[in-house]
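Accompanying notes for the structure given below.
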Amino acid sequence: MWDFGVTTVALFLVVVLVVLWLSTRRPPGLPRGPPLLPFVGNALSMDSDPRVLYKNLRQKYGDIFSLYVFHKPLIVLNGYNVIKEAIVKNADVFSDRPRSFFTDFFSKGKGVVGTSGDLWHEQRRFALNALREFGMGKNIMEDKIHEEIAQFMVALEEEKGRGFNIERLVQNAVSNVICSVVFGKRFEYTDHVFVKFLKALDVFFKNSALSGILNVFPAVRYLPGDPFKFTKTMDSIDIVDNLLIKPFIKDHLNDHDYENRDDFIHVYFKEMRRRQQKQETTTLDLENLAQIINDLFTGGTETTSTTIRWALVYFLNYPDVQEKCFQEILENVGQSRRPSMKDKTNLPYVEATILETLRYADIFPTNLPHSVPHDVQFRGFTFPKGVTVMLNLDSVLQDKDVWGDPQNFRPDRFLDDAGKIQKREEFIPFSLGRRVCPGESMARMELFLFLTTMIQRFKFVPVNGEKPPMEGTLGLSYSPKEFKLNIIPRN
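Per the numbering used here, residue -5 is the first one in the sequence shown, and the count goes up by one each step.
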């Protein structure tokens, strides 16, 4: 006769074995991937920089594979054709963002800009149209960028003759452009409110990647000592909201001359009131306005400032590229006036250098995650409802079959035999489809105007001949390691 204790232990072991077995199996239809460990999935094999892991898994499992971060699956898409088929040809089902602790926490159950449905469609469409109007119609954006560049050049002039870290100056200038476009006001770089605001943005950028574990295990935010920087990240977001965004929205609400103001907030108010007067159903409101502004700062500041810093890294490592850019500017613009967007077609090598910087730096190698609103069949696989889908842009921007020698920094790859810019559809540093970066047009304009003016006015050289490393650090974006440079006036 079985002993009751022995039976209990046997049943317990069977249950444990079944649980272990289930935790190492992929559901039928899910893309293949590396073997799973019980409970942790593939989490132990995932580095802070996923590019090498993704490259190896692509070679073994193909353009579509799956991983498990503890108990949550994610599917990785690789290669231009696969990514385009998913988010362009099947945009209706691949344009959602996955639900996460952070999006739910911020929205408090109301939904936020950028998740799914009519909300993000309307907000995004408005933002794109407004920024396009500033950039293409009224030329407001170019004027505001030029205004900031003038102050930035003064700050650079003060640093000539001594090695310095340019990171802070670049972040000041790029953030001020967004302040000018959104709020209608720029700040002095020493303004205490502006300095505090930028420090809060820095904290957010540096802690965002570490705080990602909260999307898998929200409860860890209660651990003593704030090991995953939840409290610091929340504090930084509160500072960003309460120091500038909400006060400026309030000031604009009290300004009844919004019809004659040229900044993003007033344009938003004008459209919001127009739709309200016509009694149209709309998601344009003050809460979503604050969220859009937050997105413009967190996305726009990081993208443009990081790309400018990478360009300087490449100029220091490839002085011939920097000199060739200068000679083209000298021949087509001169030094008596500042470059403008009208000069772009006459500066193909400069433009090719900017494009190569965006490709080579690859600052958002996996972009932001996508999701699907329901079970989806795609290329023979089942994508379960709500699954996280990662777009491995690195697999496109660093593809040997596309670029030939992607490991080399070579601006000429973007020029045809006649020396004109040739467009490459695989050039997707801003992603593609409905979720393409809404600030792309502004970022491209900033990069062109800042870099052409910087090259026109100054020569950038290493400190004591020590070139900065070409390898960076992956956090919210892939950014250069700290480096110093010298600047020499061109006159």
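From the three backbone atoms N, C-alpha and C, an ideal C-beta is built for every residue, glycine too.
Indicate whether residue 192 and residue 306 have their beta-carbon atoms separated by less than 8 Å.
One-based indexing of the sequence shown puts residue 192 at position 198. One-based indexing of the sequence shown puts residue 306 at position 312. No, they are not a contact pair.
Which runs of the alpha helix (DSSP H) spanning at least 4 residues fall entirely within the segment 37 to 93, listed in chain order?
45 to 55, 74 to 78, 85 to 88
Beta-carbon separation (whole angstroms), residue 368 vs residue 379, contact threshold 8 Å:
Translated into the one-based positions of the sequence shown, residue 368 becomes position 374. Translated into the one-based positions of the sequence shown, residue 379 becomes position 385. About 5 Å; that satisfies the 8 Å criterion.
If the criterion is Cβ atoms closer than 8 Å, does the pair residue 220 and residue 226 meet it?
Against the sequence shown, residue 220 aligns to sequence position 226. Against the sequence shown, residue 226 aligns to sequence position 232. Their beta carbons are under 8 Å apart, which means residue 220 touches residue 226 by this criterion.
Would residue 38 and residue 62 qualify as a contact pair, given that the criterion is a beta-carbon distance under 8 Å?
Here residue 38 refers to the residue found at position 44 when the sequence shown is read from its first residue. Here residue 62 refers to the residue found at position 68 when the sequence shown is read from its first residue. No, they are not a contact pair.
To test your reading of the DSSP string, which unbroken alpha helix (DSSP H) runs of 4 or more residues are found completely within the segment 290 to 341?
313 to 326
Let me know the secondary structure DSSP gives residue 179 once reduced to three states.
Residue mapping note: residue 179 aligns to position 185 of the sequence shown, counting from 1. Three-state result, residue 179: coil.
Per DSSP, cross-strand counterpart(s) of residue 364
Indexing the sequence shown from 1 puts residue 364 at position 370. In the DSSP output, where bridge partners are listed per residue, residue 364 has 383.
For residue 41, collect the residues of the same chain with a Cβ closer than 7 Å to its Cβ; drop the 5 residues on either side in sequence, then sort them by chain order.
Residue 41 sits at position 47 when you count from the first residue of the sequence shown. Cβ neighbours of residue 41 beyond the five flanking positions: 47.
With respect to the alpha helix (DSSP H) encompassing residue 389, which residues constitute its N-terminal and C-terminal limits?
By one-based count along the sequence shown, residue 389 stands at place 395. Residue 389 -> alpha helix (DSSP H) spans 388 to 391.
Of all the options 391, 359, 271, which has the alpha carbon lying nearest to the alpha carbon of residue 466?
Numbered from its first residue, the sequence shown carries residue 466 at position 472. Checked all of 391, 359, 271; the closest Cα to residue 466 is 359.
Tell me the rounded alpha-carbon separation between residue 343 and residue 296.
As a first step, residue 343 is located in the sequence shown; it is residue number 349 there, counting from the start. As a first step, residue 296 is located in the sequence shown; it is residue number 302 there, counting from the start. Between residue 343 and residue 296, the C-alpha separation is close to 25 Å.
Between which two residues does the alpha helix (DSSP H) harbouring residue 225 extend?
Here residue 225 is taken as the residue at index 231 of the sequence shown, counted from 1. Its alpha helix (DSSP H) spans residues 224 to 234.
Going by alpha carbons, who is nearest to residue 257 out of 311, 268, 269, 243?
If you number the sequence shown from 1, residue 257 lands on position 263. Of the listed residues, the one whose Cα sits closest to residue 257 is 243.
Residues in the same chain with beta-carbon distance under 8 Å from residue 413, minus the five sequence neighbours each way, listed in chain order, please.
Residue 413 sits at position 419 when you count from the first residue of the sequence shown. 342, 343, listed in sequence order.
DSSP puts residue 453 in a beta bridge; with which residues?
One-based indexing of the sequence shown puts residue 453 at position 459. The partner list for residue 453 (beta bridge, DSSP) reads 482.
Quick one: residues in its chain with C-beta nearer than 7 Å to the C-beta of residue 352, no 5 flanking neighbours on either side, listed in chain order?
Within the sequence shown, the letter at position 358 stands for residue 352. For residue 352, where only same-chain residues beyond five positions count, the Cβ hits under 7 Å are 301, 423.
Anticipated Cβ contact below 8 Å, residue 28 with residue 58, distance rounded
As a first step, residue 28 must be located in the sequence shown, where it is residue number 34. As a first step, residue 58 must be located in the sequence shown, where it is residue number 64. Actually they are not in contact, since the Cβ atoms of residue 28 and residue 58 sit about 14 Å apart, beyond 8 Å.
Closest by CA to residue 115, which one among 348, 276, 459?
Your numbering for residue 115 matches position 121 in the sequence shown. Ranking the options by Cα distance to residue 115, first place goes to 276.
To which residues of the same chain is residue 164 closer than 7 Å at the C-beta, ignoring the five residues directly before and after it?
As a first step, residue 164 is located in the sequence shown; it is residue number 170 there, counting from the start. Counting only Cβ-Cβ distances below 7 Å, and skipping sequence neighbours, we find 299, 302, 303.
What distance in whole Å lies between the Cβ atoms of residue 391 and residue 356, which are believed to be in contact at a cut-off of 8 Å?
Numbered from its first residue, the sequence shown carries residue 356 at position 362. Numbered from its first residue, the sequence shown carries residue 391 at position 397. At roughly 5 Å, the Cβ-Cβ gap stays under 8 Å, so residue 356 and residue 391 are in contact.
Take residue 312 as the anchor and find which of 335, 294, 403 has the nearest alpha-carbon.
Residue 312 sits at position 318 when you count from the first residue of the sequence shown. Ranking the options by Cα distance to residue 312, first place goes to 403.
Span separating the alpha-carbon of residue 393 from that of residue 168
The residue given as residue 393 occupies position 399 in the sequence shown. The residue given as residue 168 occupies position 174 in the sequence shown. Distance between the alpha carbons of residue 393 and residue 168 is about 30 Å.
Thinking just about the alpha-carbon of each residue, which of 294, 316, 327, 448 is nearest to the one in residue 436?
Counting from 1 along the sequence shown, the entry for residue 436 is found at position 442. Among 294, 316, 327, 448, the Cα nearest to that of residue 436 belongs to 294.
In whole angstroms, what separates the C-alpha of residue 272 from that of residue 265?
Translated into positions along the sequence shown, residue 272 becomes position 278. Translated into positions along the sequence shown, residue 265 becomes position 271. About 11 Å.
Residue of 419, 433, 287 minimising C-alpha distance to residue 75
The residue given as residue 75 occupies position 81 in the sequence shown. The residue with the shortest Cα to Cα distance from residue 75 is 419.
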